Amino acid sequence: MSGLDLSCNNLTGEIPHELGMLSSILALNLSHNQLKGPIPKSFSNLSQIESLDLSYNKLSGEIPPEFIELNFLEVFSVAHNNISGRVPDMKAQFGTFGESSYEDNPFLCGLMLKRICNTSIEPPYSPPKSSKESETKWYDIDRVVFFASFAASYMMILLGIVTILYINPYWRQRWFNFIEECIYSCYYFASDTYSKLLAYLYN
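FYI, numbering that gives the first Met the number 0 numbers position 188 of the sequence shown as 187, with every residue one higher than the one before it.
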């Protein structure tokens with residue numbers, strides 16, 4: 000087969016990668032259709048091809064860099080598509096193709112198109128944490144530290160009091176007297192309040 004012309008047939012869908020098995024084909028024209036998807040990498044196997052026209056479609060993705068190995072390619076066009084990325088290096092046959100081969104592909108870049116390709120890799124975007132979230136985490140951490148410190152201090156004071164009362168009989172006696180006075184005071188206060196309350200209710 001010397002050539003295959005399927006142009007202007009309103010073809011849809013993706014280009015079958017099996018077309019790349021036609022290694023002896025000389026010309027392939029798929030222009031003026033509704034084809035979409037990437038250009039098959041298998042087209043780099045069309046070692047004898049001289050003309051490859053994929054213009055006026057809805058193709059996307061990049062031009063396979065392996066295409067520079069198509070040494071007999073004289074006509075090449077991907078114009079009027081949605082191709083992106085870098086145009087092939089201007090080597091071998093691709094050094095002979097002009098800007099018209101790539102026109103109307105706004106996301107294509109390279110020296111041929113006078114559009115600089117951005118080679119820098121930006122880190123993935125991570126939204127900044129809100130101040131409210133940061134304050135909440137800070138508050139949670141401080142709360143844990145506060146309660147831990149409070150519990151440790153309470154245990155140290157309690158152990159200190161118990162140790163003093165155990166070692167020193169004088170302070171132990173004073174402590175028991177203090178507790179006894181507190182109990183009596185609370186009892187008399189409650190009893191007196193209760194008596195006054197009853198007297199108020201019955202009068």
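Heads up, the beta-carbon is just placed ideally off N, CA and C, and yes, glycines get one too. Note that this is a predicted model, so its numbers are computed, not measured.
Spatial distance of residue i from residue j (CA atoms)
i, j, result
"S43", "G19", "7 Å"
"N32", "L10", "5 Å"
"S184", "F175", "14 Å"
"F146", "N117", "54 Å"
"S190", "R142", "42 Å"
"Y186", "E179", "11 Å"
"L158", "R173", "18 Å"
"K113", "I24", "33 Å"
"F188", "L164", "28 Å"
"G104", "L3", "The sequence shown places Asn at residue 104, rather than the Gly named in the question. Approximately 25 Å between the Cα atoms of the pair."
"I156", "I182", "23 Å"
"L69", "L51", "10 Å"
"G36", "G84", "14 Å"
Environment of residue i [buried if 16+ CB atoms lie within 10 Å]
i, result
"Y101", "buried"
"F106", "exposed"
"Y199", "exposed"
"I82", "buried"
"F75", "buried"
"M154", "exposed"
"C7", "exposed"
"I166", "exposed"
"L197", "exposed"
Residues of its chain near residue i, where Cβ-Cβ distance is below 8 Å and the 5 sequence neighbours each way are ignored
i, result
"S41", "H16, E17, L18, G19, M20"
Residue(s) in a DSSP beta bridge with residue i
i, result
"F75", "L51"
"C108", "R85"
"Q92", "In DSSP, Q92 forms no bridge with anything."
"S59", "N81"
"E13", "K35"
"N28", "D4, D52"
"R173", "According to DSSP, which records beta bridges pairwise, R173 is partnered with nothing at all."
"R114", "G109"
Neighbourhood of residue i by C-beta distance below 6 Å, restricted to the same chain and skipping five residues each side
i, result
"L29", "L5, L53"
"F93", "I67, P87"
"S59", "N81"
"A78", "S54, E102, D103"
"S1", "L25"
Cβ-based neighbour list, residue i, same chain, cut-off 7 Å, excluding 5 preceding and 5 following
i, result
"L72", "I48, E49, L51, Q92"
"T95", "none"
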